[in-house]
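Residue numbers (the numbering used here): 71 to 327.
Below: the structure, in structure tokens.
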Ligand SMILES: Cc1cc2nc3c(=O)[nH]c(=O)nc-3n(C[C@H](O)[C@H](O)[C@H](O)COP(=O)(O)O)c2cc1C
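Encoded structure:
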């Protein structure tokens with residue numbers, strides 16, 4: 071099989087790492103690959119913060135929903151939506167005066183910029199994931215980076231138009247690591263031809279049949295089906311509430327006049 075396709079097929083999220091640093095030349099390759107990602111208008115409306123400091127890792131472990139493996143990764147990469155750089159550049163370009171002279175409305179970073187910046191950041195992160203994998207370095211996304219915005223803003227000096235979007239933990243696979251490739255839903259439920267297909271009750275039952283069959287009786291949430299289980303495990307949780315609260319704070323700050 072084609073090397074790239076095989077790499078994509080075999081990638082897994084890695085949450086346990088060999089006790090080995092990532093060499094500078096390898097980390098450079100991962101970051102250079104992230105920077106080859108496409109971005110809206112080639113504006114690169116994202117930034118990356120490289121974290122190696124144990125104290126920062128410890129704090130990130132705690133403030134990203136208490137996930138201990140985070141602090142054990144040799145390197146963490148934080149991907150941020152970033153319009154501050156462009157906005158600051160606009161300031162030295164006399165943009166306000168230019169708009170006034172040319173009867174143009176001066177628009178500050180808005181919802182569209184959050185959407186595009188977050189997209190740029192995620193796409194760059196995925197390039198990093200695949201580049202790491204190609205170097206035998208495993209990775210895991212940490213979505214909880216968007217929690218506790220106030221702490222992260224102070225820890226990393228984030229100005230108004232810079233938002234954390236995703237974090238990757240990176241580290242070598244442990245020796246003899248047994249990769250477990252997780253299942254995906256059937257393609258017919260995810261990919262549609264020419265127009266959207268809303269799944270009916272029968273389709274949905276069929277789609278979740280496999281997950282349903284693996285749901286153990288007496289699971290700790292007392293769920294009768296997979297819907298109840300995933301709701302209790304992911305949605306009705308402190309981390310989900312915190313994620314929503316924190317996102318509201320950061321988005322309000324960005325949109326504030
Ligand atoms: C946006 C995003 C956020 C994620 N956040 C976490 C996380 O906080 N902790 C974690 O252990 N895994 C996290 N993951 C990894 C997913 O659990 C994982 O991708 C999924 O279970 C599929 O497994 P696979 O990546 O091995 O195929 C995240 C993945 C994505 C894409």
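Every residue gets a Cβ at the ideal spot worked out from N, C-alpha and C, and that includes glycine.
Owing to the predicted nature of the structure, the values given are computational and were not obtained by experimental measurement.
Going by beta-carbon coordinates alone, are residue 239 and residue 143 separated by less than 8 angstroms? By one-based count along the chain shown, residue 239 stands at place 169. By one-based count along the chain shown, residue 143 stands at place 73. Annotated as proximal: residue 239 and residue 143, with beta-carbon spacing under 8 angstroms.
Assuming the contact rule is C-beta atoms closer than 8 angstroms, residue 284 and residue 82 should be a hit. Round their C-beta distance to whole Å, please. On the chain shown, position 214 is the one that residue 284 refers to. On the chain shown, position 12 is the one that residue 82 refers to. The beta carbons of residue 284 and residue 82 sit about 18 angstroms from each other, so the pair does not count as a contact at 8 angstroms.
Would a C-beta distance cut-off of 8 angstroms place residue 241 and residue 213 closer than the cut-off? What you label residue 241 is simply residue 171 of the chain shown in a count that begins at 1. What you label residue 213 is simply residue 143 of the chain shown in a count that begins at 1. Annotated as distal: residue 241 and residue 213, with beta-carbon spacing of 8 angstroms or more.
From residue 236 to residue 322, what does the alpha carbon distance come to, in whole angstroms? One-based indexing of the chain shown puts residue 236 at position 166. One-based indexing of the chain shown puts residue 322 at position 252. Distance between the alpha carbons of residue 236 and residue 322: 19 angstroms.
Would you say residue 339 and residue 148 are within 8 angstroms of each other, going by their C-beta atoms? An answer regarding residue 339 cannot be provided, because it is not within the stretch 71 to 327 covered by the chain.
Can you pull the DSSP bridge partners for residue 210? The sequence position of residue 210 within the chain shown is 140, counting from 1. Its beta-bridge partners are 239.
The beta strand (DSSP E) with residue 135 in it runs from where to where? Here the question's residue 135 lines up with position 65 in the chain shown. From DSSP, residue 135 is part of no beta strand (DSSP E); its letter is neither H nor E.
Tell me whether residue 85, by its Cβ, gets closer than 7 angstroms to a heavy atom of ligand 1. Indexing the chain shown from 1 puts residue 85 at position 15. Yes, the Cβ of residue 85 comes within 7 angstroms of a heavy atom of ligand 1.
Measure the beta-carbon distance from residue 153 to residue 111 and round it to whole angstroms, keeping in mind my assumption that it falls under 8 angstroms. The residue labelled residue 153 in the question sits at position 83 within the chain shown. The residue labelled residue 111 in the question sits at position 41 within the chain shown. Going by Cβ atoms, the distance from residue 153 to residue 111 rounds to 12 angstroms, so no, they are not a contact pair.
Examine ligand 1 and report whether any of its heavy atoms sits within less than 7 angstroms of the Cβ of residue 211. Here residue 211 corresponds to residue number 141 of the chain shown, with the count starting at 1. Here the distance from the Cβ of residue 211 to the nearest heavy atom of ligand 1 is below 7 angstroms.
Per the DSSP calculation, residue 83 is bridged to which residue(s)? Mapped onto the chain shown, residue 83 falls at position 13. Partner(s): 209.
Let me know the secondary structure DSSP gives residue 229 once reduced to three states. Position 159 of the chain shown, counting from 1, holds the residue named residue 229. Here DSSP, grouped into helix, strand and coil, assigns residue 229 to coil.
Using a Cβ-Cβ cutoff of less than 6 angstroms, which residues in the same chain neighbour residue 202 once the five nearest sequence positions on both sides are dropped? Along the chain shown, read from residue 1 onward, the residue named residue 202 stands at position 132. Only 100, 209 and 240 meet the Cβ criterion.
From this set, 116, 124 and 296, which residue's C-alpha is nearest residue 91's C-alpha? Numbered from its first residue, the chain shown carries residue 91 at position 21. If we check each option's Cα against that of residue 91, 124 comes out closest.
N- and C-terminal bounds of the beta strand (DSSP E) containing residue 92: As a position in the chain shown, residue 92 is number 22, starting the count at 1. Residue 92 -> no beta strand (DSSP E), and no H or E assigned at all.
Expected contact under 8 angstroms - CB spacing of residue 116 and residue 227 to nearest Å: Position 46 of the chain shown, counting from 1, holds the residue named residue 116. Position 157 of the chain shown, counting from 1, holds the residue named residue 227. So it is not a contact: roughly 17 angstroms between Cβ atoms.
According to DSSP, simplified to helix, strand and coil, what is residue 116? Taking the first residue of the chain shown as 1, we reach residue 116 at position 46. The three-state reading of DSSP puts residue 116 in strand, counting E and B together.
By alpha-carbon positions, which one of 224, 247, 122 and 72 ends up nearest to residue 84? Start at 1 with the first residue of the chain shown, and residue 84 comes out as number 14. For the residues 224, 247, 122 and 72, the minimum Cα distance to residue 84 belongs to 247.
Nearest to residue 258 by CA position, among 161, 252 and 269, is which residue? Mapped onto the chain shown, residue 258 falls at position 188. Nearest in C-alpha terms to residue 258, of all of 161, 252 and 269, is 269.
Measuring CB to CB, does residue 150 end up less than 8 angstroms from residue 234? Here the question's residue 150 lines up with position 80 in the chain shown. Here the question's residue 234 lines up with position 164 in the chain shown. In contact: residue 150 and residue 234 (Cβ atoms closer than 8 angstroms).
Ligand 1 and residue 214: does the residue's C-beta get closer than 7 angstroms to at least one heavy atom of that ligand? Counting from one through the chain shown, the residue named residue 214 turns up at place 144. Correct: residue 214 has its Cβ closer than 7 angstroms to ligand 1.
Inside the segment 242-272 only - alpha helix (DSSP H) runs reaching at least 4 residues: If we require 4 residues or more, the segment 242-272 turns out to have no alpha helix (DSSP H) run fully inside it.
What first and last residue would you give for the beta strand (DSSP E) that runs through residue 174? As a working note, residue 174 is residue 104 in the chain shown. Looking at the DSSP string, residue 174 is not in any beta strand (DSSP E), and its letter there is neither H nor E.
Using a 10 Å radius around the Cβ and a threshold of 16 neighbouring Cβ atoms, would you call residue 229 buried or exposed? Here residue 229 refers to the residue found at position 159 of the chain shown. With fewer than 16 other Cβ atoms within 10 Å, it is exposed.
Who does residue 234 pair with in a DSSP beta bridge? Translated into positions along the chain shown, residue 234 becomes position 164. Bridge partners of residue 234: 150.
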